[in-house]
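What follows is a single structure, written as C-alpha coordinates, with notes after it.
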Amino acid sequence: MTTLSIPVAPFVGDDTLPAAVDVVIVGGGIIGVTTALELAERGVSVALCEKGVIAGEQSSRNWGWTRQMGRDERELPLCMHSVEMWSQMNARIGRETGWRRTGISYLSYNRRDLKGWLTWEEIGRRHDLDARMLSQAEIAQKLPGNNGGILGVLHTASDGRAEPWIAVPAMAEAAREKGAHILTNCAVRTIETAAGRINAVVTERGEIRCQSVVIAGGIWSRLLLGNMGLDFPQLKVIGPVACVDGVQGLTDMPVGAGDFAYRKRLDGGFTVAVRNKSLAPLTPDHFRLLTDFFPTFLTTWRELSLRFNGTFFQEMMTKRKWRADEQTPFEVCRTMDPPAVPGFTRKALRNLARAFPGFADARVRHEWSGVMDATPDAIPVISPVHTVPGLHVASGFSGHGFGIGPGAGQLMADLITGDRTRVDAKVFDISRLRPRYGATKAQGLRPKSAAA
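According to the UniProt record's numbering, the sequence shown is numbered sequentially starting from 1.
Next comes the structure, spelled out in C-alpha coordinates:
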(Lines of atoms letter the chains of each structure in order from A and count residues from 1; the text may use other names and numbers.)
(Lines give C-alpha, C1' and ligand atoms only; values in the text may rest on other atoms or scores of the structure.)
Protein backbone atom coordinates (compact mmCIF):
# COMPACT_ATOMS: atom_id res chain seq x y z
CA MET A 1 0.00 0.00 0.00
CA THR A 2 1.26 3.47 -0.87
CA THR A 3 2.51 5.55 2.06
CA LEU A 4 0.86 8.97 2.17
CA SER A 5 2.64 12.21 3.02
CA ILE A 6 0.18 12.80 5.89
CA PRO A 7 -0.39 10.24 8.66
CA VAL A 8 -4.05 9.27 8.93
CA ALA A 9 -5.53 7.09 11.66
CA PRO A 10 -5.88 3.61 10.16
CA PHE A 11 -9.35 2.48 9.18
CA VAL A 12 -10.11 -0.98 7.78
CA GLY A 13 -13.05 -0.99 5.39
CA ASP A 14 -15.73 -3.65 5.20
CA ASP A 15 -14.97 -6.84 3.27
CA THR A 16 -18.49 -7.40 1.95
CA LEU A 17 -20.33 -5.25 -0.56
CA PRO A 18 -24.03 -4.88 0.35
CA ALA A 19 -26.46 -5.85 -2.41
CA ALA A 20 -28.82 -2.95 -1.71
CA VAL A 21 -29.13 0.08 0.57
CA ASP A 22 -31.25 3.20 0.68
CA VAL A 23 -28.36 5.61 0.06
CA VAL A 24 -24.87 5.27 -1.42
CA ILE A 25 -22.36 7.98 -0.52
CA VAL A 26 -19.38 8.51 -2.81
CA GLY A 27 -16.40 9.84 -0.89
CA GLY A 28 -14.88 9.11 2.52
CA GLY A 29 -13.91 12.62 3.60
CA ILE A 30 -15.60 14.47 6.41
CA ILE A 31 -18.68 15.37 4.37
CA GLY A 32 -19.36 11.82 3.25
CA VAL A 33 -18.61 10.41 6.70
CA THR A 34 -20.83 12.85 8.61
CA THR A 35 -23.66 12.25 6.13
CA ALA A 36 -23.28 8.50 6.67
CA LEU A 37 -23.29 8.98 10.45
CA GLU A 38 -26.45 11.10 10.34
CA LEU A 39 -28.32 8.70 8.07
CA ALA A 40 -27.28 5.62 10.04
CA GLU A 41 -28.42 7.22 13.28
CA ARG A 42 -31.85 7.73 11.69
CA GLY A 43 -32.16 4.10 10.66
CA VAL A 44 -31.53 4.73 6.96
CA SER A 45 -29.42 2.00 5.35
CA VAL A 46 -26.31 3.52 3.83
CA ALA A 47 -23.09 2.44 2.12
CA LEU A 48 -20.11 4.78 1.87
CA CYS A 49 -17.68 4.03 -0.97
CA GLU A 50 -14.19 5.52 -0.77
CA LYS A 51 -11.74 4.91 -3.64
CA GLY A 52 -8.75 5.09 -1.28
CA VAL A 53 -8.60 5.48 2.50
CA ILE A 54 -10.92 7.35 4.84
CA ALA A 55 -9.85 11.02 5.09
CA GLY A 56 -6.84 10.43 2.85
CA GLU A 57 -7.18 13.74 1.05
CA GLN A 58 -8.14 17.26 2.20
CA SER A 59 -10.13 16.06 5.22
CA SER A 60 -6.88 15.08 6.96
CA ARG A 61 -4.69 17.83 5.46
CA ASN A 62 -6.50 21.00 6.54
CA TRP A 63 -5.55 23.30 9.40
CA GLY A 64 -7.99 21.74 11.87
CA TRP A 65 -9.79 25.00 12.66
CA THR A 66 -13.52 24.91 13.43
CA ARG A 67 -14.19 28.55 12.74
CA GLN A 68 -17.28 30.75 12.50
CA MET A 69 -15.88 34.27 12.18
CA GLY A 70 -14.82 35.58 8.82
CA ARG A 71 -17.24 33.34 6.94
CA ASP A 72 -19.47 34.51 4.15
CA GLU A 73 -22.69 35.69 5.81
CA ARG A 74 -24.71 33.22 3.74
CA GLU A 75 -22.66 30.36 5.16
CA LEU A 76 -22.50 31.63 8.74
CA PRO A 77 -25.65 29.97 10.17
CA LEU A 78 -24.37 26.57 9.04
CA CYS A 79 -20.92 27.33 10.50
CA MET A 80 -22.43 28.29 13.85
CA HIS A 81 -24.56 25.17 13.95
CA SER A 82 -21.55 23.02 13.03
CA VAL A 83 -19.39 24.40 15.83
CA GLU A 84 -22.12 23.54 18.30
CA MET A 85 -22.18 20.02 16.85
CA TRP A 86 -18.38 19.82 17.14
CA SER A 87 -18.68 20.65 20.84
CA GLN A 88 -20.78 17.50 21.31
CA MET A 89 -18.96 15.20 18.88
CA ASN A 90 -16.63 13.40 21.29
CA ALA A 91 -19.57 12.45 23.51
CA ARG A 92 -21.77 11.62 20.53
CA ILE A 93 -19.39 9.11 18.98
CA GLY A 94 -17.60 7.98 22.13
CA ARG A 95 -14.20 8.74 20.64
CA GLU A 96 -11.57 11.47 20.61
CA THR A 97 -11.66 13.94 17.74
CA GLY A 98 -9.23 16.40 19.29
CA TRP A 99 -11.92 19.09 19.44
CA ARG A 100 -11.37 21.78 22.05
CA ARG A 101 -13.12 25.14 22.47
CA THR A 102 -10.06 27.40 22.42
CA GLY A 103 -11.37 30.49 20.68
CA ILE A 104 -9.77 31.85 17.50
CA SER A 105 -8.26 35.28 16.86
CA TYR A 106 -7.54 37.24 13.69
CA LEU A 107 -4.87 39.93 13.95
CA SER A 108 -4.74 43.19 12.03
CA TYR A 109 -1.37 44.76 11.24
CA ASN A 110 -2.66 47.32 8.75
CA ARG A 111 -5.67 49.62 8.36
CA ARG A 112 -7.22 47.63 5.54
CA ASP A 113 -7.36 44.40 7.56
CA LEU A 114 -8.59 46.29 10.61
CA LYS A 115 -11.43 47.84 8.64
CA GLY A 116 -12.37 44.42 7.27
CA TRP A 117 -12.57 42.81 10.69
CA LEU A 118 -14.48 45.75 12.16
CA THR A 119 -17.00 45.31 9.36
CA TRP A 120 -17.20 41.59 10.00
CA GLU A 121 -17.78 42.21 13.71
CA GLU A 122 -21.08 43.77 12.67
CA ILE A 123 -21.97 40.68 10.63
CA GLY A 124 -21.34 38.49 13.64
CA ARG A 125 -23.44 40.75 15.82
CA ARG A 126 -26.38 40.38 13.41
CA HIS A 127 -26.23 36.63 13.99
CA ASP A 128 -25.66 36.80 17.76
CA LEU A 129 -22.16 35.39 17.39
CA ASP A 130 -19.69 36.19 20.16
CA ALA A 131 -17.13 37.70 17.77
CA ARG A 132 -15.73 40.98 19.09
CA MET A 133 -12.71 43.25 18.92
CA LEU A 134 -10.39 42.87 21.90
CA SER A 135 -9.10 45.66 24.10
CA GLN A 136 -5.36 46.23 24.35
CA ALA A 137 -5.31 44.56 27.78
CA GLU A 138 -7.10 41.52 26.36
CA ILE A 139 -4.66 41.35 23.45
CA ALA A 140 -1.75 41.19 25.88
CA GLN A 141 -3.49 38.48 27.89
CA LYS A 142 -4.64 36.27 24.99
CA LEU A 143 -1.58 36.74 22.75
CA PRO A 144 1.46 36.53 25.03
CA GLY A 145 4.81 36.84 23.33
CA ASN A 146 3.60 38.91 20.41
CA ASN A 147 6.11 41.38 18.97
CA GLY A 148 3.77 44.37 18.93
CA GLY A 149 2.41 46.32 16.00
CA ILE A 150 -1.07 44.82 16.29
CA LEU A 151 -3.76 47.38 15.45
CA GLY A 152 -6.68 45.19 16.41
CA VAL A 153 -7.82 41.63 17.09
CA LEU A 154 -11.14 40.04 16.23
CA HIS A 155 -11.76 37.19 18.64
CA THR A 156 -14.49 34.54 18.78
CA ALA A 157 -14.42 32.64 22.06
CA SER A 158 -16.80 29.90 20.89
CA ASP A 159 -14.55 28.81 17.99
CA GLY A 160 -12.28 25.82 18.38
CA ARG A 161 -10.02 23.29 16.74
CA ALA A 162 -9.75 19.54 16.22
CA GLU A 163 -7.29 16.98 14.82
CA PRO A 164 -8.39 16.15 11.26
CA TRP A 165 -6.39 12.91 10.83
CA ILE A 166 -8.02 11.30 13.86
CA ALA A 167 -11.46 12.99 13.82
CA VAL A 168 -12.78 11.73 10.49
CA PRO A 169 -11.75 8.06 10.92
CA ALA A 170 -13.26 8.18 14.43
CA MET A 171 -16.56 9.41 12.98
CA ALA A 172 -16.42 6.67 10.34
CA GLU A 173 -16.03 4.02 13.04
CA ALA A 174 -19.04 5.50 14.83
CA ALA A 175 -21.10 5.46 11.61
CA ARG A 176 -20.26 1.79 11.13
CA GLU A 177 -21.31 1.03 14.69
CA LYS A 178 -24.67 2.60 13.85
CA GLY A 179 -25.07 0.29 10.86
CA ALA A 180 -23.39 2.05 7.92
CA HIS A 181 -21.37 0.00 5.46
CA ILE A 182 -17.95 1.67 5.05
CA LEU A 183 -16.05 0.45 1.99
CA THR A 184 -12.48 1.54 1.28
CA ASN A 185 -10.42 0.97 -1.86
CA CYS A 186 -13.78 0.74 -3.59
CA ALA A 187 -14.17 3.29 -6.36
CA VAL A 188 -17.61 4.05 -7.76
CA ARG A 189 -17.42 3.77 -11.53
CA THR A 190 -20.88 4.75 -12.70
CA ILE A 191 -24.23 5.87 -11.29
CA GLU A 192 -27.16 4.10 -12.88
CA THR A 193 -30.70 5.31 -13.46
CA ALA A 194 -34.00 3.69 -14.44
CA ALA A 195 -36.83 5.80 -15.84
CA GLY A 196 -34.67 8.85 -15.09
CA ARG A 197 -34.28 8.05 -11.39
CA ILE A 198 -31.26 6.74 -9.45
CA ASN A 199 -31.43 2.99 -8.94
CA ALA A 200 -27.84 1.73 -8.48
CA VAL A 201 -24.13 2.45 -8.45
CA VAL A 202 -21.54 0.23 -10.07
CA THR A 203 -18.29 -0.01 -8.12
CA GLU A 204 -15.07 -1.73 -9.06
CA ARG A 205 -16.22 -4.53 -6.72
CA GLY A 206 -19.75 -4.84 -8.05
CA GLU A 207 -23.18 -3.21 -8.04
CA ILE A 208 -25.11 -1.73 -5.12
CA ARG A 209 -28.80 -1.04 -5.69
CA CYS A 210 -30.06 2.16 -4.08
CA GLN A 211 -32.63 4.93 -4.28
CA SER A 212 -30.34 7.88 -3.58
CA VAL A 213 -26.69 8.77 -4.18
CA VAL A 214 -24.64 11.53 -2.55
CA ILE A 215 -21.60 12.75 -4.48
CA ALA A 216 -19.22 13.91 -1.73
CA GLY A 217 -16.05 13.32 -3.68
CA GLY A 218 -14.26 16.60 -3.01
CA ILE A 219 -11.96 17.44 -5.91
CA TRP A 220 -13.22 14.37 -7.82
CA SER A 221 -16.90 15.35 -7.82
CA ARG A 222 -16.74 17.32 -11.06
CA LEU A 223 -15.19 14.38 -12.90
CA LEU A 224 -17.75 11.83 -11.66
CA LEU A 225 -20.68 14.13 -12.40
CA GLY A 226 -19.22 14.90 -15.79
CA ASN A 227 -19.38 11.22 -16.70
CA MET A 228 -23.14 11.54 -16.15
CA GLY A 229 -23.30 14.50 -18.50
CA LEU A 230 -23.59 17.04 -15.66
CA ASP A 231 -21.42 20.17 -15.56
CA PHE A 232 -20.47 20.94 -11.95
CA PRO A 233 -18.39 24.17 -11.70
CA GLN A 234 -15.47 23.35 -9.44
CA LEU A 235 -11.69 23.91 -9.57
CA LYS A 236 -8.72 22.66 -7.54
CA VAL A 237 -6.61 24.82 -5.23
CA ILE A 238 -3.52 23.53 -3.38
CA GLY A 239 -2.80 24.55 0.20
CA PRO A 240 0.71 23.82 1.61
CA VAL A 241 0.89 23.14 5.38
CA ALA A 242 3.54 22.10 7.90
CA CYS A 243 3.91 20.89 11.46
CA VAL A 244 6.70 22.41 13.55
CA ASP A 245 8.16 21.81 17.01
CA GLY A 246 10.22 23.98 19.34
CA VAL A 247 7.71 26.84 19.64
CA GLN A 248 7.78 28.69 22.94
CA GLY A 249 5.34 30.80 24.92
CA LEU A 250 2.10 30.59 22.91
CA THR A 251 -1.39 29.61 24.00
CA ASP A 252 -3.60 26.84 22.59
CA MET A 253 -5.69 29.34 20.58
CA PRO A 254 -5.44 29.24 16.76
CA VAL A 255 -4.33 32.59 15.36
CA GLY A 256 -4.37 34.06 11.87
CA ALA A 257 -3.16 37.27 10.28
CA GLY A 258 -2.71 38.56 6.74
CA ASP A 259 0.24 36.32 5.94
CA PHE A 260 0.41 33.57 8.58
CA ALA A 261 -1.69 31.12 10.57
CA TYR A 262 -0.91 28.70 13.38
CA ARG A 263 -2.68 26.17 15.57
CA LYS A 264 -1.48 24.32 18.64
CA ARG A 265 -1.89 20.56 18.25
CA LEU A 266 -2.73 17.90 20.82
CA ASP A 267 0.74 16.40 20.31
CA GLY A 268 2.39 19.67 21.37
CA GLY A 269 3.49 20.80 17.91
CA PHE A 270 2.04 23.61 15.82
CA THR A 271 0.35 23.41 12.44
CA VAL A 272 1.47 26.45 10.41
CA ALA A 273 0.69 27.91 7.00
CA VAL A 274 0.84 31.07 4.92
CA ARG A 275 -2.65 32.50 5.19
CA ASN A 276 -4.37 34.00 2.14
CA LYS A 277 -1.99 32.28 -0.27
CA SER A 278 -2.64 29.07 -2.21
CA LEU A 279 -1.27 27.41 -5.31
CA ALA A 280 -3.46 27.15 -8.40
CA PRO A 281 -1.87 25.02 -11.13
CA LEU A 282 -3.62 25.85 -14.40
CA THR A 283 -5.70 23.04 -15.88
CA PRO A 284 -8.01 22.69 -18.89
CA ASP A 285 -10.94 23.24 -16.51
CA HIS A 286 -9.69 26.77 -15.85
CA PHE A 287 -10.50 27.53 -19.47
CA ARG A 288 -13.71 25.51 -19.55
CA LEU A 289 -14.97 27.36 -16.47
CA LEU A 290 -13.46 30.77 -17.20
CA THR A 291 -16.83 32.52 -17.34
CA ASP A 292 -17.85 31.05 -13.97
CA PHE A 293 -14.66 31.88 -12.08
CA PHE A 294 -13.43 35.08 -13.72
CA PRO A 295 -15.41 37.49 -11.45
CA THR A 296 -14.01 35.77 -8.36
CA PHE A 297 -10.49 35.80 -9.76
CA LEU A 298 -10.66 39.58 -10.20
CA THR A 299 -11.16 40.01 -6.42
CA THR A 300 -8.95 37.17 -5.11
CA TRP A 301 -6.00 37.03 -7.53
CA ARG A 302 -3.59 38.23 -4.83
CA GLU A 303 -4.39 35.08 -2.83
CA LEU A 304 -3.53 32.68 -5.67
CA SER A 305 -0.15 31.67 -7.03
CA LEU A 306 -1.04 30.63 -10.59
CA ARG A 307 1.32 28.10 -12.14
CA PHE A 308 1.54 26.44 -15.51
CA ASN A 309 3.21 23.06 -15.12
CA GLY A 310 2.81 19.39 -15.87
CA THR A 311 -0.57 19.33 -14.12
CA PHE A 312 -2.14 20.91 -17.20
CA PHE A 313 -1.05 18.10 -19.51
CA GLN A 314 -1.75 15.41 -16.93
CA GLU A 315 -5.34 16.57 -16.58
CA MET A 316 -5.68 17.02 -20.34
CA MET A 317 -4.89 13.31 -20.69
CA THR A 318 -7.25 12.23 -17.87
CA LYS A 319 -10.16 10.15 -19.10
CA ARG A 320 -13.42 12.09 -18.85
CA LYS A 321 -15.86 9.44 -20.08
CA TRP A 322 -15.98 5.74 -19.25
CA ARG A 323 -18.29 2.76 -18.95
CA ALA A 324 -19.07 0.65 -15.90
CA ASP A 325 -16.73 -2.11 -17.09
CA GLU A 326 -13.74 0.23 -17.60
CA GLN A 327 -11.05 1.36 -15.20
CA THR A 328 -11.70 4.93 -14.04
CA PRO A 329 -9.42 7.82 -13.05
CA PHE A 330 -10.42 7.09 -9.44
CA GLU A 331 -8.66 3.73 -9.62
CA VAL A 332 -5.60 5.21 -11.32
CA CYS A 333 -5.19 7.79 -8.50
CA ARG A 334 -6.46 6.35 -5.23
CA THR A 335 -5.37 9.38 -3.21
CA MET A 336 -4.38 12.83 -4.46
CA ASP A 337 -1.13 13.39 -2.55
CA PRO A 338 0.61 16.51 -3.90
CA PRO A 339 4.19 17.23 -2.84
CA ALA A 340 5.06 19.52 0.02
CA VAL A 341 6.13 23.08 -0.80
CA PRO A 342 9.10 23.90 1.47
CA GLY A 343 9.19 27.47 0.21
CA PHE A 344 5.76 28.10 1.69
CA THR A 345 6.86 26.62 5.02
CA ARG A 346 9.91 28.86 5.14
CA LYS A 347 7.78 31.89 4.33
CA ALA A 348 5.24 30.95 7.02
CA LEU A 349 7.98 30.63 9.63
CA ARG A 350 9.59 33.94 8.64
CA ASN A 351 6.25 35.69 8.94
CA LEU A 352 5.47 33.99 12.24
CA ALA A 353 8.87 34.71 13.80
CA ARG A 354 8.50 38.38 12.88
CA ALA A 355 5.20 38.53 14.78
CA PHE A 356 5.94 35.98 17.56
CA PRO A 357 9.60 35.47 18.52
CA GLY A 358 8.58 32.12 20.04
CA PHE A 359 8.71 30.74 16.49
CA ALA A 360 12.35 31.80 15.97
CA ASP A 361 13.74 28.34 16.82
CA ALA A 362 10.90 26.29 15.34
CA ARG A 363 11.94 23.02 13.68
CA VAL A 364 9.97 21.49 10.82
CA ARG A 365 8.72 18.05 11.76
CA HIS A 366 6.58 17.36 8.72
CA GLU A 367 5.31 19.11 5.58
CA TRP A 368 2.43 18.29 3.25
CA SER A 369 -0.09 19.76 0.82
CA GLY A 370 -3.81 19.31 0.33
CA VAL A 371 -6.07 20.00 -2.63
CA MET A 372 -9.28 21.96 -2.00
CA ASP A 373 -12.44 21.84 -4.10
CA ALA A 374 -13.51 25.41 -4.88
CA THR A 375 -16.74 26.79 -6.33
CA PRO A 376 -16.98 30.17 -8.10
CA ASP A 377 -18.45 31.89 -5.01
CA ALA A 378 -16.52 29.82 -2.40
CA ILE A 379 -19.82 28.51 -0.99
CA PRO A 380 -20.42 24.75 -1.11
CA VAL A 381 -23.20 22.97 -2.92
CA ILE A 382 -25.28 20.79 -0.58
CA SER A 383 -28.23 19.97 -2.73
CA PRO A 384 -30.27 17.58 -4.80
CA VAL A 385 -29.63 17.62 -8.51
CA HIS A 386 -33.28 18.26 -9.18
CA THR A 387 -33.21 17.02 -12.77
CA VAL A 388 -32.05 13.55 -11.67
CA PRO A 389 -34.32 12.34 -8.84
CA GLY A 390 -32.29 10.64 -6.12
CA LEU A 391 -28.99 12.32 -7.02
CA HIS A 392 -27.42 14.71 -4.48
CA VAL A 393 -24.17 16.69 -4.37
CA ALA A 394 -22.20 17.84 -1.32
CA SER A 395 -19.03 19.36 -2.73
CA GLY A 396 -17.15 22.58 -3.44
CA PHE A 397 -16.41 23.39 0.20
CA SER A 398 -13.58 25.75 -0.77
CA GLY A 399 -11.40 25.01 2.25
CA HIS A 400 -14.27 25.24 4.77
CA GLY A 401 -15.32 21.60 4.77
CA PHE A 402 -13.68 20.41 7.98
CA GLY A 403 -15.13 23.18 10.13
CA ILE A 404 -18.66 22.91 8.75
CA GLY A 405 -18.57 19.16 8.16
CA PRO A 406 -20.98 18.10 10.93
CA GLY A 407 -23.62 20.61 9.91
CA ALA A 408 -23.15 19.85 6.21
CA GLY A 409 -23.64 16.14 6.79
CA GLN A 410 -26.75 16.81 8.81
CA LEU A 411 -28.14 19.13 6.15
CA MET A 412 -27.51 16.55 3.43
CA ALA A 413 -29.25 13.88 5.50
CA ASP A 414 -32.22 16.21 6.09
CA LEU A 415 -32.56 16.81 2.36
CA ILE A 416 -32.52 13.08 1.63
CA THR A 417 -35.02 12.09 4.31
CA GLY A 418 -37.28 15.11 3.92
CA ASP A 419 -36.72 16.24 7.52
CA ARG A 420 -36.82 19.92 8.47
CA THR A 421 -33.46 21.57 7.85
CA ARG A 422 -31.78 23.57 10.62
CA VAL A 423 -30.59 26.27 8.20
CA ASP A 424 -31.85 27.72 4.94
CA ALA A 425 -31.10 25.01 2.39
CA LYS A 426 -31.67 27.35 -0.57
CA VAL A 427 -28.32 29.02 0.15
CA PHE A 428 -26.53 25.81 -0.86
CA ASP A 429 -28.79 24.69 -3.70
CA ILE A 430 -27.09 23.81 -6.96
CA SER A 431 -29.45 26.11 -8.86
CA ARG A 432 -27.47 29.20 -7.77
CA LEU A 433 -24.53 27.99 -9.90
CA ARG A 434 -26.39 25.90 -12.47
CA PRO A 435 -30.01 27.08 -12.82
CA ARG A 436 -30.72 24.33 -15.35
CA TYR A 437 -30.35 21.73 -12.57
CA GLY A 438 -32.84 23.57 -10.36
CA ALA A 439 -36.10 22.27 -8.92
CA THR A 440 -39.15 22.06 -11.13
CA LYS A 441 -41.46 20.79 -8.38
CA ALA A 442 -41.36 20.01 -4.68
CA GLN A 443 -39.14 17.03 -3.85
CA GLY A 444 -37.72 15.43 -0.73
CA LEU A 445 -39.63 12.25 0.11
CA ARG A 446 -38.43 9.96 2.86
CA PRO A 447 -36.93 6.90 1.12
CA LYS A 448 -38.33 3.44 1.66
CA SER A 449 -35.78 0.84 2.61
CA ALA A 450 -34.19 -0.61 -0.51
CA ALA A 451 -32.66 -3.34 1.63
CA ALA A 452 -35.98 -4.56 3.05
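Think of the CB as a built atom: it goes at the ideal place given N, C-alpha and C, for glycine as much as any other residue.
Can you have a look at Glu57 and say buried or exposed, based on whether 16 or more other CB atoms are within 10 angstroms of its CB?
Taking the first residue of the sequence shown as 1, we reach residue 57 at position 57. Buried.
Determine the contact status of Val393 and Ile215, defining contact as a CB-CB distance below 8 angstroms.
Working through the sequence shown from its first residue, we reach residue 393 at position 393. Working through the sequence shown from its first residue, we reach residue 215 at position 215. A contact, by the Cβ cut-off of 8 angstroms.
Roughly how many whole angstroms lie between the Cα atoms of Arg265 and Arg320?
Stepping through the sequence shown from its first residue, residue 265 is reached at position 265. Stepping through the sequence shown from its first residue, residue 320 is reached at position 320. Here the C-alpha atom of Arg265 lies approximately 40 angstroms from the C-alpha atom of Arg320.
Mapping DSSP to helix, strand and coil, what is Gly152?
The residue given as residue 152 occupies position 152 in the sequence shown. Reduced to three states, the DSSP call for Gly152 is strand.
Among Val423, Pro389, Asp414, Pro384, whose alpha-carbon lies nearest the alpha-carbon of Leu433?
Reading the sequence shown from its first residue, position 433 is the one you call residue 433. Taking only the C-alpha atoms, the option nearest Leu433 is Pro384.
Closest by CA to Leu129, which one among Leu78, Met412, Val371?
Position 129 of the sequence shown, counted from the first residue, corresponds to residue 129. When each option's Cα is compared against that of Leu129, the closest is Leu78.
Coarse secondary structure for Leu250, derived from DSSP in three states:
In the sequence shown, residue 250 corresponds to position 250, counting from 1. DSSP places Leu250 outside both helix and strand once states are collapsed to three, so it counts as coil.
Residue range of the alpha helix (DSSP H) that includes Arg350:
Here the question's residue 350 lines up with position 350 in the sequence shown. Its alpha helix (DSSP H) spans residues 342 to 355.
Measuring CB to CB, does Leu352 end up less than 8 angstroms from Phe359?
Numbered from 1 along the sequence shown, position 352 holds the residue referred to as residue 352. Numbered from 1 along the sequence shown, position 359 holds the residue referred to as residue 359. Yes, they are a contact pair.
Across the stretch 406 to 414 and the stretch 230 to 237, are there enough close Cβ pairs to call them in contact, namely three or more that are closer than 8 angstroms?
The stretch 230 to 237 and the stretch 406 to 414 do not touch, with fewer than three beta-carbon pairs separated by less than 8 angstroms.
Using the rule of at least 16 other Cβ atoms within 10 Å of the residue's Cβ for burial, across every protein chain shown, is Val332 buried or exposed?
Within the sequence shown, residue 332 is the residue found at index 332, counting from 1. Classification of Val332: exposed, given that the 10 Å Cβ count is below 16.
Three-way DSSP call (helix, strand, coil) for Ser87 in this model
Here the question's residue 87 lines up with position 87 in the sequence shown. Residue state, collapsed to three classes: helix.
With 16 other Cβ atoms within 10 Å as the buried cut-off, status of Ser82:
Taking the first residue of the sequence shown as 1, we reach residue 82 at position 82. Per the 10 Å Cβ criterion, buried.
Three or more beta-carbon pairs under 8 angstroms between the stretch 170 to 181 and the stretch 40 to 53, yes or no?
Contact holds: three or more Cβ-Cβ distances are below 8 angstroms.
Buried or exposed: Ser60, going by 16 or more other Cβ atoms within 10 Å of its Cβ?
Here residue 60 is taken as the residue at index 60 of the sequence shown, counted from 1. With 16 or more Cβ atoms within 10 Å of its Cβ, Ser60 is classed as buried.
Between Gly13 and Thr184, is the Cβ-Cβ spacing less than 8 angstroms?
As a position in the sequence shown, residue 13 is number 13, starting the count at 1. As a position in the sequence shown, residue 184 is number 184, starting the count at 1. Between Gly13 and Thr184, the C-beta gap is smaller than 8 angstroms, which places the two residues in contact.
Excluding the five sequence neighbours on either side, which residues of its own chain have a C-beta within less than 7 angstroms of the C-beta of Asp325, listed in chain order?
In the sequence shown, counting from the first residue as 1, residue 325 sits at position 325. There are no such residues.
Are there 16 or more other CB atoms within 10 angstroms of the CB of Phe308, so buried, or fewer, so exposed?
Within the sequence shown, the letter at position 308 stands for residue 308. So Phe308 counts as exposed.
For Ala47 and Gly444, the rounded distance between their alpha carbons
On the sequence shown, residue 444 is found 444 positions in, with the first residue counted as 1. On the sequence shown, residue 47 is found 47 positions in, with the first residue counted as 1. Per-residue confidence for Gly444 stands at a pLDDT of 42, beneath the threshold of 50, marking its modelled position as unreliable; no derived number is given.
Which one of Asp414, Glu315, Val427, Arg346 has the shortest CA to CA distance from Val381?
Residue 381 sits at position 381 when you count from the first residue of the sequence shown. Of the listed residues, the one whose Cα sits closest to Val381 is Val427.
Alpha carbons only, please: which of Asp361, Pro338, Gly246 is nearest the one belonging to Ser369?
Counted from its first residue, the sequence shown places residue 369 at position 369. Nearest option by C-alpha distance: Pro338.
Short Cβ contact (8 angstroms threshold) for Ser395 with Ala374
Position 395 of the sequence shown, counted from the first residue, corresponds to residue 395. Position 374 of the sequence shown, counted from the first residue, corresponds to residue 374. Ser395 is not a Cβ neighbour of Ala374, given a cutoff of 8 angstroms.
Whose C-beta lies closer than 6 angstroms to the C-beta of Ala348 among residues of the same chain, with five residues either side of it excluded?
The residue labelled residue 348 in the question sits at position 348 within the sequence shown. Counting only Cβ-Cβ distances below 6 angstroms, and skipping sequence neighbours, we find Phe260, Val272, Ala273, Val274.
Proximity to Ala355 [Cα-Cα], best of Thr3, Met253, Thr190, Ser108:
By one-based count along the sequence shown, residue 355 stands at place 355. The shortest C-alpha separation from Ala355 is found at Ser108.
What's the call for Ala137, buried or exposed, on a 16-neighbour Cβ count within 10 Å?
Within the sequence shown, residue 137 is the residue found at index 137, counting from 1. Classification of Ala137: exposed, given that the 10 Å Cβ count is below 16.
Beta carbon of Gly403, beta carbon of Trp65: below 8 angstroms?
Taking the first residue of the sequence shown as 1, we reach residue 403 at position 403. Taking the first residue of the sequence shown as 1, we reach residue 65 at position 65. Yes.
Let's test the definition: count the other Cβ atoms within 10 Å of the Cβ of Gly218 and tell me whether it reaches 16, buried, or not, exposed.
Sequence index remark: in the sequence shown, residue 218 carries index 218 (1-based). Taking a 10 Å sphere around the C-beta of Gly218, we find 16 or more other C-beta atoms and assign the residue as buried.
Using the Cβ count rule (16 or more neighbours within 10 Å means buried), how would you classify Gln68?
Here the question's residue 68 lines up with position 68 in the sequence shown. Looking at its Cβ environment, which holds 16 or more other Cβ atoms inside 10 Å, Gln68 is buried.
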